[in-house]
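Notes follow the structure.
There are 2 protein chains.
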Amino acid sequence: MRKKVTLKQLAKELNLSISTVSKSLKNDSEISQKTINRVHELANFYNYKPNALAVSLKSNKTNTIGVLLPEILNHFYAKVLYGIEQEASKNGYKIVTCITNESYEKEVEYVEMLNYSSVDGFILALSKETQMLNKLDHLKELKRDNVPLIMFDRVSNEVECDKVIVDDKNASKTAIQHLIKTGCKNIAVISTIFDLSVGRLRLEGAREEVSANEGVTLIELPVKNIETEEGEIESFIKNNKIDAVLGLDETAAAVAINMSNKLGYKIPEKISVIGFTDGILSKHSYPKLTTVSQHAQDLGAKAAQMLLDRLSNTSSENNYKTNTEVINTSLILRDSTN
Amino acid sequence: MRKKVTLKQLAKELNLSISTVSKSLKNDSEISQKTINRVHELANFYNYKPNALAVSLKSNKTNTIGVLLPEILNHFYAKVLYGIEQEASKNGYKIVTCITNESYEKEVEYVEMLNYSSVDGFILALSKETQMLNKLDHLKELKRDNVPLIMFDRVSNEVECDKVIVDDKNASKTAIQHLIKTGCKNIAVISTIFDLSVGRLRLEGAREEVSANEGVTLIELPVKNIETEEGEIESFIKNNKIDAVLGLDETAAAVAINMSNKLGYKIPEKISVIGFTDGILSKHSYPKLTTVSQHAQDLGAKAAQMLLDRLSNTSSENNYKTNTEVINTSLILRDSTN
Numbered sequence: 001m002r003k004k005v006t007l008k009q010l011a012k013e014l015n016l017s018i019s020t021v022s023k024s025l026k027n028d029s030e031i032s033q034k035t036i037n038r039v040h041e042l043a044n045f046y047n048y049k050p051n052a053l054a055v056s057l058k059s060n061k062t063n064t065i066g067v068l069l070p071e072i073l074n075h076f077y078a079k080v081l082y083g084i085e086q087e088a089s090k091n092g093y094k095i096v097t098c099i100t101n102e103s104y105e106k107e108v109e110y111v112e113m114l115n116y117s118s119v120d121g122f123i124l125a126l127s128k129e130t131q132m133l134n135k136l137d138h139l140k141e142l143k144r145d146n147v148p149l150i151m152f153d154r155v156s157n158e159v160e161c162d163k164v165i166v167d168d169k170n171a172s173k174t175a176i177q178h179l180i181k182t183g184c185k186n187i188a189v190i191s192t193i194f195d196l197s198v199g200r201l202r203l204e205g206a207r208e209e210v211s212a213n214e215g216v217t218l219i220e221l222p223v224k225n226i227e228t229e230e231g232e233i234e235s236f237i238k239n240n241k242i243d244a245v246l247g248l249d250e251t252a253a254a255v256a257i258n259m260s261n262k263l264g265y266k267i268p269e270k271i272s273v274i275g276f277t278d279g280i281l282s283k284h285s286y287p288k289l290t291t292v293s294q295h296a297q298d299l300g301a302k303a304a305q306m307l308l309d310r311l312s313n314t315s316s317e318n319n320y321k322t323n324t325e326v327i328n329t330s331l332i333l334r335d336s337t338n
Numbered sequence: 001m002r003k004k005v006t007l008k009q010l011a012k013e014l015n016l017s018i019s020t021v022s023k024s025l026k027n028d029s030e031i032s033q034k035t036i037n038r039v040h041e042l043a044n045f046y047n048y049k050p051n052a053l054a055v056s057l058k059s060n061k062t063n064t065i066g067v068l069l070p071e072i073l074n075h076f077y078a079k080v081l082y083g084i085e086q087e088a089s090k091n092g093y094k095i096v097t098c099i100t101n102e103s104y105e106k107e108v109e110y111v112e113m114l115n116y117s118s119v120d121g122f123i124l125a126l127s128k129e130t131q132m133l134n135k136l137d138h139l140k141e142l143k144r145d146n147v148p149l150i151m152f153d154r155v156s157n158e159v160e161c162d163k164v165i166v167d168d169k170n171a172s173k174t175a176i177q178h179l180i181k182t183g184c185k186n187i188a189v190i191s192t193i194f195d196l197s198v199g200r201l202r203l204e205g206a207r208e209e210v211s212a213n214e215g216v217t218l219i220e221l222p223v224k225n226i227e228t229e230e231g232e233i234e235s236f237i238k239n240n241k242i243d244a245v246l247g248l249d250e251t252a253a254a255v256a257i258n259m260s261n262k263l264g265y266k267i268p269e270k271i272s273v274i275g276f277t278d279g280i281l282s283k284h285s286y287p288k289l290t291t292v293s294q295h296a297q298d299l300g301a302k303a304a305q306m307l308l309d310r311l312s313n314t315s316s317e318n319n320y321k322t323n324t325e326v327i328n329t330s331l332i333l334r335d336s337t338n
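These protein sequence lines map, in sequence, to chains A and B.
The numbers in the UniProt record's numbering rise by one with no breaks, and the one at position 57 of the first sequence is 57.
The numbers in the UniProt record's numbering rise by one with no breaks, and the one at position 288 of the second sequence is 288.
Right under this line is the structure:
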């Protein structure tokens, strides 16, 4: 028996493109009769059987979703991707992911590439550089092409599309409230994400909540590179009169815990610590970290659901009303606070 | 001025496929003259300019690499992906990533999809299920299609292709040697990856090294679900006479540290701990974890280099000699060992 032959191999042997072979097999009138005959001849010779993917080309649906993430070393995005994958998979969709590494240029390139290779829709969080440059034409064009886009976490009001965001400002407020309720008065905010929209929102929430409470003070420490600035966090904790740290990202909180341990400051007796992102660092710190969970997996699942809704909506209406879903955070109380 | 029009929009308006439009613009003889004329007419009307991606179709090269990872919540794979991305990007290649979530079926589906959408080559680590079923035809077929494949970390000897592996067995030996050298005699191995090839190799290395040293004992604790079995690790450490733990994965080591802290066992005075994977948990544990670094980023970069070498090799020779590169690990000494 002859080996199973693929569309690709037929194409190669005939020196034609895959799509031409595919169309020739369907006697598509776009293709010249001569080519159609050549293709059928070889396909019969090999007893070629088309696969499901080849068939999907015809419907112009690929059942594939393109996901663009700003980075992958951040556990939050890994968990969002996990949530998207689970939800999409349940519904028979495949996911292809591209990492922009916080680059505007890569974001544009990948959107173009995936759109060209015909994903049915996009789920995307903006790269840091795109947020700073505020250049968004590559996303606005998707709407014109009638390709649904769901933005999450790092979104822009200038792009008209469905969005899933985390209530970051309120999340900070809730965290500060908890610190105040448990007796903390001198609160420090440590952040490595001062320049991101989510970082700004979290800081705003903390400031507002502290202002609303008499006798409570806030001191802020922006950190550029957490890998090299642990010592600065140590001296900051040592040299300031503080009884609580709110880390606006998970690593900042983890380092605050470690430096407090190093200084011999008991947690939470002498200093309370709260972080953001319920990732592996929060679960495996000592003591375990009280943290704001943004429910990353739920967020991913929600984004996937919204996209699938758009895709199953058969109307080709381009001017639909867009929605913004807000994922509520919750404060997970562990051992680093009273 | 008219808006910039894309190939996709032309295709839509003409009710043709993108590739047909692309070929028509190049007056490809595969396409009927009638179709060619229709396409040119509309393209001229919109003053259409082809983009780089459309052009790449012609050369049958997409400058895109498909990466398949078994999971994404594991920091090791995230770092490998980062290494691949950096290296590929330097060389003008794009990366699309699919997550198999340890499923054989998804692995097959994604290999087929990416191959069909014409990535130039693959970088892949086997899913857990694929390793267990040992069904590898989907990968063997790539060779037949002359699509280069690089396997890494979780590889199979039955697939003839270039591989990048970590010297896991020797890594364990080095870790055990260090524990013995610093006075440990009763060593525990804790692992959540007993059923993976890398887990078995690491265990083998530990067993061999302990056997070679008189008066040293080894006790093994396999853990199915680390999230729910912390208590078991705690009692295991409490109820056995051990002065060192080798965690065969990062989480096992992190939990061993936390449980020792909880029991009031001083690290490293009473108990030494070594882990695998130099990820965020190792850097942000307290005390900081001595760990086997598998140089995940270097591994990713190496895999990308090997693939790029294959792709730039213009010979269409299908029976080339394959290479297996071994990435040497190193023991990063931090504060959890003497």
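The C-beta atom is built at its ideal place from N, Cα and C for all residues, glycine as well.
Could you please tell me which residues of the segment 246 to 268 of chain B, in chain order, have their CB closer than 9 Å to any CB of chain A? Under the 9 Å Cβ criterion, the segment 246 to 268 of chain B contributes Glu250, Thr251, Ala254, Val255, Ile257, Asn258, Asn261 and Lys262.
Start and end of the beta strand (DSSP E) containing lysine 186 of chain A? The question names lysine, but residue 186 of chain A in the sequence shown is asparagine. For asparagine 186 of chain A, the uninterrupted beta strand (DSSP E) run begins and ends at 186 to 191, by DSSP.
For threonine 100 of chain B and serine 127 of chain B, believed in contact at Cβ under 8 Å, the rounded distance: Contact between serine 127 of chain B and threonine 100 of chain B holds, with the beta-carbon distance rounding to 4 Å and staying under 8 Å.
Are the segment 284 to 291 of chain B and the segment 215 to 232 of chain B touching by the rule of at least three beta carbon pairs closer than 8 Å? Contact between the segment 284 to 291 of chain B and the segment 215 to 232 of chain B is absent, because fewer than three Cβ pairs lie under 8 Å.
For serine 312 of chain B, name the three-state secondary structure that DSSP assigns. Serine 312 of chain B falls in the helix class under three-state DSSP.
Can you name the residues of chain A whose CB is closer than 9 Å to the CB of lysine 8 of chain B? Taking the beta carbon of lysine 8 of chain B as reference, the chain A residues within 9 Å of it are Asn115, Tyr116, Ser118, Asp145 and Val147, listed in sequence order.
Count Cβ pairs between the segment 330 to 337 of chain B and the segment 106 to 122 of chain B that sit closer than 8 Å; are there 3 or more? Not touching, per the Cβ criterion.
Is leucine 201 of chain B near aspartate 162 of chain B, with beta carbons less than 8 Å apart? No. Outside cutoff.
Chain-ordered neighbours of cysteine 161 of chain A on chain B, where CB pairs are closer than 9 Å: Under the 9 Å cutoff, chain B gives no residues; its nearest Cβ is about 18 Å from cysteine 161 of chain A.
At a cut of 8 Å, does the segment 292 to 304 of chain B reach the segment 138 to 157 of chain B through at least three beta carbon pairs? Yes: the two stretches touch, three or more of their Cβ pairs being nearer than 8 Å.
In chain B, which residues lie with their C-beta within 9 Å of the C-beta of alanine 304 of chain A? Result: empty, since nearest Cβ-Cβ is about 13 Å, beyond 9 Å.
Hey, does cysteine 184 of chain B have any beta-carbon neighbour from chain A nearer than 8 Å? At a cut-off of 8 Å between beta carbons, cysteine 184 of chain B makes no contact with chain A.
Against chain A, does histidine 284 of chain B count as a neighbour if the rule is that its beta carbon must be under 8 Å from one of theirs? Interface criterion met: the Cβ of histidine 284 of chain B is under 8 Å from a Cβ in chain A.
Look at the alpha carbon of lysine 181 of chain B and the alpha carbon of lysine 173 of chain B, and state the distance between them as a whole number of angstroms. Straight-line measurement puts the Cα of lysine 173 of chain B at about 12 Å from the Cα of lysine 181 of chain B.
Can you check DSSP and say which residues form a bridge with phenylalanine 276 of chain A? In the DSSP output, where bridge partners are listed per residue, phenylalanine 276 of chain A has A/Val292.
Does the distance from the CB of aspartate 243 of chain A to the CB of phenylalanine 276 of chain A come in under 8 Å? Taking 8 Å as the Cβ cut-off, aspartate 243 of chain A and phenylalanine 276 of chain A do not qualify as a contacting pair.
Check whether the Cβ of leucine 263 of chain B sits closer than 7 Å to any heavy atom of the ligand FMN, and report yes or no. The ligand content of the structure shown is nil, which means the ligand FMN is not present either.
What's the gap between the Cα of leucine 42 of chain B and the Cα of leucine 308 of chain B? So the alpha carbons of these two residues sit roughly 39 Å apart.
Give a yes or no on whether 8 Å exceeds the smallest Cβ distance from threonine 97 of chain A to chain B. Proximity of threonine 97 of chain A to chain B, defined by a Cβ-Cβ separation below 8 Å, is satisfied.
With a cut-off of 8 Å on the beta carbons, I'd call glutamate 85 of chain B and isoleucine 72 of chain B a contact; round off their distance for me. Glutamate 85 of chain B to isoleucine 72 of chain B, Cβ: 13 Å. No contact.
Please classify alanine 43 of chain B: does DSSP put it in a helix, a strand, or coil? It is helical.
Could you pull out every residue in the same chain whose Cβ sits closer than 8 Å to the Cβ of serine 17 of chain A, ignoring the five residues on either side in sequence? Correct list, in chain order: Ala11.
Within its chain, find whatever has a CB closer than 6 Å to the CB of threonine 35 of chain B; leave out the 5 residues flanking it on each side and keep chain order. So the qualifying residues of the chain are Ser24.
Could you tell me whether the segment 187 to 194 of chain A touches the segment 214 to 222 of chain A, using the rule of 3 or more Cβ pairs below 8 Å? Contact check between the segment 187 to 194 of chain A and the segment 214 to 222 of chain A: three or more CB pairs, one atom from each, fall below 8 Å, which counts as touching.
Residues bridged to aspartate 162 of chain B (per DSSP): Within the DSSP bridge table, the entry for aspartate 162 of chain B names B/Ile150 as partners.
Taking the beta carbon of threonine 20 of chain B as the centre, do at least 16 other beta carbons fall within 10 Å, making it buried, or is it exposed? By the 16-neighbour rule on beta-carbons within 10 angstroms, threonine 20 of chain B is buried.
First and last residue of the beta strand (DSSP E) that includes threonine 97 of chain B? Annotation for threonine 97 of chain B: the continuous beta strand (DSSP E) segment containing it runs 94 to 99.
Expected contact under 8 Å - CB spacing of valine 255 of chain A and serine 336 of chain A to nearest Å: Not quite, the Cβ-Cβ distance comes to about 13 Å (not below 8 Å), so this is no contact.
Who are the near neighbours of threonine 62 of chain A in its chain, counting only those whose CB is closer than 7 Å to its CB and skipping five residues on each side? Excluding the 5 residues flanking it on each side, threonine 62 of chain A has same chain C-beta neighbours closer than 7 Å at Ser56, Ser118, Val119 and Asp120, in chain order.
Tell me the residue span of the beta strand (DSSP E) that contains leucine 218 of chain B. Note, leucine 218 of chain B: beta strand (DSSP E), 217 to 222.
So, does the CB of lysine 79 of chain B fall closer than 8 Å to a CB anywhere in chain A? Answer yes: the Cβ-Cβ gap between lysine 79 of chain B and chain A drops below 8 Å somewhere.
Per DSSP, which residues does serine 330 of chain A bridge with? Please list them. Secondary-structure assignment with DSSP links serine 330 of chain A through a beta bridge to A/Ser293.
Whole angstroms is fine: what's the gap from asparagine 44 of chain A's alpha carbon to asparagine 15 of chain A's? Rounded to whole angstroms, the separation of the alpha carbons of asparagine 15 of chain A and asparagine 44 of chain A is 17 Å.
Suppose the cutoff is 6 Å on Cβ atoms and the five residues either side in sequence are ignored; what does the same chain contact list for glutamine 294 of chain A look like? Around glutamine 294 of chain A: Val166 and Thr329.
Interface partners of serine 336 of chain B on chain A, CB under 7 Å: One finds nothing in chain A with a Cβ atom closer than 7 Å to the Cβ of serine 336 of chain B; even the nearest lies about 12 Å away.
How about isoleucine 31 of chain B: is its C-beta nearer than 8 Å to some C-beta of chain A? So, interface residue.
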